[in-house]
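Contents: one structure, followed by commentary.
Numbering (the working numbering), first residue to last: 1 to 605.
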């Protein structure tokens, strides 16, 4: 089945390379995650309305206090004060409910969003991560969701509260004095103008700032993960300089964003409160002429201040909304990225006890990041059930690629690959991989104890099964010497183990999996001669009556293989047993002689 390289998923790119969002429409993503909690949203809305009504009631209390409280003496004043206490209680209770419900909703939505992102990312094929930096993806899970959290939680609460106060304030302004409210309304276009002028720039700078932060994280992540290499070559100063430069760029972008947001806020507040002062001047003249009561003017001023403050607060939130919209856009891209290697609609079923036969037929393949280079060209190979086949050849000849294709991390450009005569593209990848065991060249050790590291391939394994697998991998010798034995935490990336010890844990993990097809990628490359001999005798038991595919540079590892495939530039140049290939001469013989020279050098040293 022919497939294009782009089928592995396009690059999500960096924030400043993406199409610029000119609308807040991307925030609808948040609604889809909030929708399941509609009851909480309704209660929060009720609390918001109650708090807004209570706040607007302050203006009416002030009007009554001025017009009736002072005129009617202590009795009238007491009634107004009692009303004021009632309004304060309504505001207090409603504000508590608003804050709690909206913040709870924000935390829950962001929690669900993070889980959804991770659930999506973990299903994406390796081709996706070949085109996209892991640090960029992690930035979306951490930085972007944090931006969204501020909006869904406190930001949403502030926005809705001030929106209601704005609407309610405008209504009360018209009720209190239609003439003065008209004057207030004339300032609205002047408030909208800075939003148009500065808003677009703030949105653009927000995306650039997020991209700069992602770059800072990426720089730190790369150097800290390879701390041994950095310190071995005394490159600490260089890495600090590189990180400092990334931070400087991030600060510069953030400073520009802050500047434009500051000017946006300044313009809106200046216009809004300038309008209030102008209206106060006109209103005072009306009171002096007797066409308006002092209480109405007092109430109008309160409503005008509320309205102006609401507009100012909304302008602040609008900037945050733009940042959240940019973050939502980035997250949407990730959530919409489909895993290109996935199960077909009606997958074929693999036998519960598969034979592990593998066949490549006229396979041509190139990696998504290098579409112009064919790693395999019209490659054909058949591996029978129970056969042990070794792959040898120079670096870049396609050995590891064959493993990647067998595991269906990628699909070929043309040709097909079968497992037990079933085309891999017709199988569920999870079902296929559950029948395969892998020991990679660079063993993966998780930041947990020995039990969980070995049982990663079989979580329900018993302790006796785990110990038996460790014994086959010759790992019990060093496990028993660990501070807490099998309960010892091995640290991030197995920092507490040597290279050979990590490899034996990986071998034990594959043994416990009990696969029908075993893939060994330089499984003994990190072991000394003595441990290699121990592992080889153990692996002989493991590979017995099991289809095994081996990548190895050490001739001692593959001398007993049923068949050795010699690869060069994606093609099979020769195949046979070790002795047949030695007698034949050619590339295998040259590789063997070169290796034996290296072995002799090591023995001399």
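Every residue, glycine too, gets a C-beta built ideally from N, C-alpha and C.
Please name the residue, chosen from 121, 40, 144, that lies closest to residue 336 on a Cα-to-Cα basis.
Here the closest residue by C-alpha is 121.
Under 8 Å: do the region 158-175 and the region 210-230 share three or more Cβ pairs, one atom per stretch?
Too few Cβ pairs lie closer than 8 Å, so no.
Just curious, the beta strand (DSSP E) that residue 545 is in, first and last residue?
It is not in any beta strand (DSSP E) - residue 545 carries neither H nor E in the DSSP assignment.
Rank 184, 584, 382, 108 by C-alpha distance to the C-alpha of residue 152 and give the top, closest one.
Between residue 152 and the set 184, 584, 382, 108, the nearest pair of CA atoms involves 108.
Could you please give me the residues that DSSP links to residue 390 through a beta bridge?
Answer is 550, 564, bridged to residue 390.
Residue 359 lies in the beta strand (DSSP E); which residues open and close that run?
From DSSP, the beta strand (DSSP E) with residue 359 extends over 358-365.
Euclidean distance between Cα positions of residue 215 and residue 136
Straight-line spacing of the CA atoms in residue 215 and residue 136 works out to 8 Å.
Which runs of the beta strand (DSSP E), 3 residues or longer, sit entirely within the region 432-494?
As far as the region 432-494 is concerned, its whole beta strand (DSSP E) runs of at least 3 residues are 436-439.
In whole angstroms, what is the alpha-carbon distance linking residue 592 and residue 213?
Distance between the alpha carbons of residue 592 and residue 213: 50 Å.
Reducing DSSP to helix, strand and coil, say where residue 234 ends up.
Reduced to three states, the DSSP call for residue 234 is coil.
What's the gap between the Cα of residue 454 and the Cα of residue 540?
Cα to Cα, the separation comes out at about 20 Å.
State the Cα-Cα distance for the pair residue 536 and residue 561, rounded to the nearest angstrom.
Rounded to the nearest angstrom, the gap between the Cα atoms of residue 536 and residue 561 is 12 Å.
Suppose the cutoff is 7 Å on Cβ atoms and the five residues either side in sequence are ignored; what does the same chain contact list for residue 479 look like?
Same-chain partners within the cutoff: 450, 470, 485, 486.
By Cβ distance below 6 Å, which residues in the same chain neighbour residue 143 in space, the five residues on each side in sequence not counted?
Excluding sequence neighbours, residue 143 sits near 213.
Could you check if residue 82 is buried or exposed, using at least 16 other CB atoms within 10 Å of its CB as the buried criterion?
So residue 82 counts as exposed.
Own chain partners of residue 48 with C-beta closer than 7 Å, once the 5 adjacent residues on each side are dropped
Closer than 7 Å at the Cβ level, and outside the excluded window around residue 48, lie 98, 160, 161, 164.
Taking DSSP as the reference, what is the three-state secondary structure of residue 383?
Note: residue 383 maps to strand in three-state DSSP.
If we ignore side chains and look at the alpha-carbon of each, how far apart do residue 128 and residue 59 end up?
One C-alpha to the other measures close to 59 Å.
Quick check: residue 473 and residue 504, are their CB atoms within less than 8 Å of each other?
Cβ atoms of residue 473 and residue 504: closer than 8 Å.
By how many angstroms is the C-alpha of residue 294 removed from the C-alpha of residue 287?
Whole-angstrom Cα-Cα distance: 6 Å.
Grouping DSSP H, G and I as helix and E and B as strand, with all else coil, what is residue 286?
In the structure shown, residue 286 adopts helical secondary structure according to DSSP, grouped into three states.
Beta-carbon proximity of residue 282 to residue 170, cut-off 8 Å:
In this structure, residue 170 does not lie closer than 8 Å to residue 282 by Cβ.
Select from 56, 45, 459 the residue whose C-alpha is nearest the C-alpha of residue 172.
That would be 56, whose Cα lies nearest to the Cα of residue 172.
Can you tell me which of the three DSSP states residue 559 falls into?
For residue 559, the secondary structure class from DSSP, reduced to helix, strand or coil, is coil.
Going by CA-CA distance only, name the one from 467, 481, 397, 518 that's closest to residue 419.
When only C-alpha atoms are compared, the closest one is 518.
Check for me: the alpha helix (DSSP H) holding residue 505 runs from which residue to which?
Annotation: the continuous alpha helix (DSSP H) that includes residue 505 extends over 499-513.
Does the separation of the CB atoms of residue 567 and residue 391 fall below 8 Å?
Their beta carbons are under 8 Å apart, which means residue 567 touches residue 391 by this criterion.
Would residue 156 pass as a contact of residue 102 if the rule is Cβ separation under 8 Å?
The answer is yes: Cβ separation under 8 Å.
Could you tell me the alpha carbon to alpha carbon distance between residue 41 and residue 220, rounded to whole angstroms?
If you take the alpha carbons of residue 41 and residue 220, they lie about 40 Å apart.
Beta-ladder partner(s) of residue 606, from DSSP
Because the chain spans 1 through 605 in this model, residue 606 falls outside it and cannot be assessed.
Have a look at the DSSP bridge pairing and note the partners of residue 417.
360, per the DSSP bridge assignment.
What would DSSP say about residue 197, mapped onto helix, strand or coil?
Three-state DSSP puts residue 197 in a helix.
Have a look at 177, 223, 246 and flag the residue whose alpha-carbon is nearest the alpha-carbon of residue 235.
That would be 223, whose Cα lies nearest to the Cα of residue 235.
Tell me which residue opens and which closes the beta strand (DSSP E) that residue 573 is part of.
Residue 573 -> beta strand (DSSP E) spans 571-576.
Taking the alpha carbon of residue 168 as the point to measure from, which residue in 37, 115, 258, 304 has its own alpha carbon closest?
That would be 304, whose Cα lies nearest to the Cα of residue 168.
Please look up how many angstroms separate the CB atoms of residue 326 and residue 210, rounded, as I've assumed it's under 8 Å.
Taking the Cβ atoms as the reference, residue 326 lies roughly 6 Å from residue 210, within the contact range of under 8 Å.
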